[in-house]
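See below for the structure under consideration.
Number of protein chains: 2
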Amino acid sequence: MDNIFPVEIEKAYRLLNVGGTTLVSAKCDGVCDVMPATWACPLDVLPCKATVVVDSSHFTRKLIDKSGMFALQLPTVGILRETMALGSVSKNDDPEKVEKSGAELFYMDGFDIPLVKGCAGWMIFKRVPEPHNEQTYDLLIGECLGAWADARVFKNGHWKFESAPSGLRTLHYVAGGNFYAIGDAISV
Amino acid sequence: MDNIFPVEIEKAYRLLNVGGTTLVSAKCDGVCDVMPATWACPLDVLPCKATVVVDSSHFTRKLIDKSGMFALQLPTVGILRETMALGSVSKNDDPEKVEKSGAELFYMDGFDIPLVKGCAGWMIFKRVPEPHNEQTYDLLIGECLGAWADARVFKNGHWKFESAPSGLRTLHYVAGGNFYAIGDAISV
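Encoded structure:
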């Protein structure tokens with residue numbers, strides 16, 4: 001995969017810091033699913049941990065519960081249509097959902113979790129079992145085992161939106177199919 | 001306060017959905033503090049709940065633990081300097097931290113929690129006690145009791161960044177004093 005490079009694990013939280021919508025993917029027994037999740041958030045820097053809310057009704061959740069693994073990745077303006085498609089249909093209703101979405105999948109060496117091409121960054125997590133949070137709040141905690149980014153837009157621990165192609169900007173969801181792209185760099 | 005109107009509670013999660021950095025404020029026994037927290041995230045739509053990570057070393061955390069209440073609010077480009085100042089000094093070290101930051105505080109009727117002028121939206125939460133999460137992860141859960149927004153930028157449950165003054169754009173934190181403002185509206 002062109003442009004994809006590992007992210008130092010102690011800086012991986014910065015992929016999630018800007019608050020973009022994520023795609024959650026998981027796989028178990030050869031069956032995979034991918035769904036958008038806006039409610040994802042860093043939880044710790046090192047070991048790198050994150051939270052994500054995935055309702056128990058979702059097909060992806062069942063795969064996470066069984067496999068104990070999931071990925072969070074940051075879809076971009078360039079794959080808005082695929083991101084919307086992955087959120088419009090449940091694999092509970094259409095087993096071909098992922099194929100029909102147009103999303104192209106790939107794998108990183110050593111991890112049997114499908115990742116989506118065209119994202120700005122990718123993080124693979126091992127579930128940290130927390131039955132109370134999972135059952136009461138559908139809140140999952142994961143510890144990051146590996147992170148990668150498209151070096152055109154995230155390099156040396158910093159986002160490069162201002163110099164990257166505009167199609168690599170992260171998506172920030174409101175509701176009803178309405179997103180904002182991340183905007184201009186601001187500093188004091 | 002001009003332009004500040006209540007947000008329907010079932011749409012309040014949308015204030016946090018776009019992933020902006022927050023300011024957390026709390027007050028106990030007449031003492032208040034405000035600090036930035038990037039790791040804040042919706043947890044449920046109705047009742048509206050959210051999570052926020054607030055390290056146990058922070059002065060603000062002690063106020064939350066004692067009072068059982070906190071606010072999350074969305075600072076904007078227009079108060080970047082005040083937001084940075086609130087994150088640069090701990091009230092553990094300087095009791096005048098909030099006053100020196102330049103942040104102007106105000107109150108909503110019925111709630112003794114200081115809110116920061118110039119934010120795009122404000123949410124007041126009652127802590128949902130979860131000792132394991134609080135002690136293990138510094139992860140707090142709150143149930144939203146009231147939400148308000150600057151109607152120039154959030155109205156009828158929708159963000160209006162494209163028509164609002166640019167100073168009202170939300171701030172999205174990377175690290176080291178570097179933020180991005182929210183950008184353009186994107187839809188399929």
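Residue numbers (our numbering), protein chains in the order written: chain A, 1 to 188; chain B, 1 to 188. From the three backbone atoms N, C-alpha and C, an ideal C-beta is built for every residue, glycine too.
| Check | Outcome |
| --- | --- |
| Beta-carbon gap between A/D138 and A/K27 smaller than 7 angstroms | no |
| Helix, strand or coil at B/I113 [DSSP, three-state] | coil |
| Reference B/D203; option with closest CA among B/Y173, B/E143, B/F106 | Any answer about residue 203 of chain B is impossible in this case: the structure gives chain B only from 1 up to 188. |
| Contacts around A/A151, its chain only, beta-carbon distance under 7 angstroms, and the 5 residues preceding and following it disregarded | N3, F5 |
| Chain B contact for A/M35 (CB, 7 angstroms cutoff) | no |
| Boundaries of the alpha helix (DSSP H) in which B/M84 is found, first to last residue | 80 to 88 |
| Cβ-based neighbour list, A/W39, same chain, cut-off 6 angstroms, excluding 5 preceding and 5 following | V53 |
| Segment contact, 8 angstroms Cβ cut-off, at least three pairs: the region 53 to 68 of chain B with the region 69 to 86 of chain A | no |
| Partners in chain A for B/P42, counting only beta-carbon separations shorter than 7 angstroms | W39 |
| Nearest residue (CA-CA) to A/A12, options A/M69, A/M123, A/R81, A/V31 | A/M123 |
| Check whether B/A120 and B/L171 have beta carbons under 7 angstroms apart | no |
| Where the region 150 to 181 of chain B meets chain A: residues whose CB sits under 8 angstroms from a CB there | G157, H158, W159, F161, R169, L171, H172, Y173, V174, A175, G177, N178, F179, Y180, A181 |
| A/F70 to A/F125 span [Cα, whole Å] | 5 angstroms |
| Alpha carbon of A/P165 to alpha carbon of B/R14, nearest angstrom | 28 angstroms |
| Short CB-CB distance (under 7 angstroms) between A/I186 and chain C | In the structure shown, chain C does not exist; the protein chains are A and B. |
| Spatial distance of A/A103 from B/E130 (CA atoms) | 38 angstroms |
| Chain A within 7 angstroms of B/R127, Cβ atoms only | no |
| Cβ neighbours of B/G177 in the same chain (closer than 7 angstroms, five flanking residues each side left out) | M84 |
| Buried versus exposed call for A/K100 [16 or more other C-beta atoms within 10 Å across all chains shown] | exposed |
| Assigned secondary structure, B/Y13 (DSSP; H/G/I helix, E/B strand, else coil) | helix |
| Closest Cα partner of B/G198 within the set B/A185, B/S163, B/A149 | Given that chain B is displayed from residue 1 to residue 188, the structure contains no residue 198 of chain B and the question cannot be resolved. |
| Residues near B/G19 in its chain [Cβ-Cβ closer than 7 angstroms; skip 5 each side] | H172 |
| A/T51: contacting residues in chain B (beta-carbon distance under 8 angstroms) | C41, T51, L139 |
| Beta-carbon neighbours of A/V54, restricted to chain B and to distances below 7 angstroms | Near A/V54 there are no residues of chain B at all, since even the closest Cβ is about 12 angstroms away, more than 7 angstroms. |
| Closest by C-alpha distance to A/C32, when choosing among A/R81, A/E10, A/V116 | A/V116 |
| Cross-chain neighbours of A/M84 in chain B, by beta carbon under 7 angstroms | V188 |
| Cβ-based burial, B/G30 [other Cβ within 10 Å; buried from 16] | exposed |
| Contact set for A/G146: own chain, Cβ-Cβ below 6 angstroms, skip 5 residues either direction | I124 |
| Secondary structure of A/L171, DSSP reduced to three states | strand |
| Per-residue burial, B/L72 [other beta carbons within 10 Å of its own, 16 or more giving buried] | buried |
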